[in-house]
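Note sheet for the following structure.
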């Protein structure tokens, strides 16, 4: 028990260093944004492959929509992970 000669006493002191402030929740949510960007990127790859395998007449949209989704996912992933880890 606490207070007995053989007891255990646990204590902590919280010290906020002004040179290393607490980053808060922002990096966590930006990393989640990066993960969402990875999902969109994977969707863009899947759509690109699927539309290239379509048989029959292809229009210009079949060649454009997949890479556009891929580019959007790549941009979101780079921004999310870049700001989360302080790379940008």
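Numbering (the working numbering), first residue to last: 442 to 529.
Virtual Cβ for every residue (Gly too), placed ideally from N, Cα, C.
| said: Quick check: does the Cβ of residue 484 come within less than 7 Å of any heavy atom belonging to the ligand ADP? | reply: Ligands displayed in this structure: none; no statement on the ligand ADP is therefore possible.
| If we count Cβ pairs, one from each stretch, closer than 8 Å, do we get three or more for the segment 497-506 versus the segment 470-482? | no
| request: Taking residue 482 as the reference, give the member of 512, 524, 528 and 520 with the closest Cα. | output: The count along the chain shown starts at 1 and reaches residue 482 at position 41. Comparing Cα-Cα distances from residue 482 to each of 512, 524, 528 and 520, the minimum goes to 512.
| query | How should residue 453 be labelled, buried or exposed, when 16 other C-beta atoms within 10 angstroms of its C-beta is the threshold for buried? | reply | For the purposes of this step, residue 453 is taken as the residue at position 12 of the chain shown. Per the 10 Å Cβ criterion, exposed.
| said: Using C-beta distances below 7 Å, list every residue in its chain close to residue 486, excluding the 5 sequence neighbours before and after it, in chain order. | reply: Within the chain shown, numbered from 1, the residue matching residue 486 stands at position 45. The residues are 511.
| query | Taking the C-alpha atoms as reference points, what is the distance between residue 488 and residue 507? | reply | On the chain shown, residue 488 is found 47 positions in, with the first residue counted as 1. On the chain shown, residue 507 is found 66 positions in, with the first residue counted as 1. Between residue 488 and residue 507, the C-alpha separation is close to 5 Å.
| Quick one: what's got a C-beta closer than 8 Å to residue 479's C-beta in the same chain, skipping five residues either side? | The residue given as residue 479 occupies position 38 in the chain shown. The beta carbon of residue 479 lies closer than 8 Å to those of 514 and 518 in the same chain, with the five residues before and after it left out.
| query | If we call anything under 8 Å between Cβ atoms a contact, is residue 468 one with residue 525? | reply | Counting from one through the chain shown, the residue named residue 468 turns up at place 27. Counting from one through the chain shown, the residue named residue 525 turns up at place 84. When the beta-carbon positions are compared, residue 468 and residue 525 come within less than 8 Å of each other.
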